[in-house]
Amino acid sequence: MKQIIRGRDSGKARELITFAAENNATIVTENPFAFKVKAEGYGYPDVDIIAWDDLTHMLEIPNKIVIHNLDKFINYIFENKVIGFSATEE
Numbered sequence: 424m425k426q427i428i429r430g431r432d433s434g435k436a437r438e439l440i441t442f443a444a445e446n447n448a449t450i451v452t453e454n455p456f457a458f459k460v461k462a463e464g465y466g467y468p469d470v471d472i473i474a475w476d477d478l479t480h481m482l483e484i485p486n487k488i489v490i491h492n493l494d495k496f497i498n499y500i501f502e503n504k505v506i507g508f509s510a511t512e513e
């Protein structure tokens, strides 16, 4: 699993878009319209981008997904009730 964890304005979105494009993955993000503009600006006009809400209502989830701002997505799903988490780097 690819993990991109850095500070603001450090190129995370660009790296995520590139990774998604290279792996034919769907990007799940809070604002797909703005992210599509960003992806096109980086030279990836065909990358699939959907909203968090779209993912939560799909009957069949795409085979490969990458999530932009996972921390915000988790809080969106759990209505800001998550106060911590752990993860294993592999």
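Per the numbering used here, the sequence shown starts with residue 424, numbered consecutively. Heads up, the beta-carbon is just placed ideally off N, CA and C, and yes, glycines get one too.
TODO: Can you say whether residue 450 is buried or exposed, counting buried as having 16 or more other CB atoms within 10 angstroms of its CB?
DONE: The count along the sequence shown starts at 1 and reaches residue 450 at position 27. Per the 10 Å Cβ criterion, buried.
Task: Length of the line joining the Cα atoms of residue 462 and residue 468 - done: Counting from 1 along the sequence shown, the entry for residue 462 is found at position 39. Counting from 1 along the sequence shown, the entry for residue 468 is found at position 45. Using only the alpha carbons, I get a separation of about 6 Å.
Task: Three-state class that DSSP yields for residue 449 in the structure shown - done: To locate residue 449, count along the sequence shown from 1; it is residue 26. Looking at residue 449 - three-state DSSP - the assignment turns out to be strand.
Task: Whole-angstrom distance between residue 474 and residue 457, CA atom to CA atom - done: Position 34 of the sequence shown, counting from 1, holds the residue named residue 457. Position 51 of the sequence shown, counting from 1, holds the residue named residue 474. Roughly 11 Å separates the two Cα atoms.
Open item on the list: Need the endpoints of the alpha helix (DSSP H) that residue 473 sits in, please.
Closed with: Along the sequence shown, read from residue 1 onward, the residue named residue 473 stands at position 50. Careful: residue 473 lies outside any alpha helix (DSSP H), inside the beta strand (DSSP E) at 472-474.
Open item on the list: On the DSSP bridge list, what partners appear for residue 505?
Closed with: Residue numbering aside, residue 505 sits at position 82 when the sequence shown is read from its first letter. DSSP, once it has assigned bridges, lists no residue as partnering residue 505.
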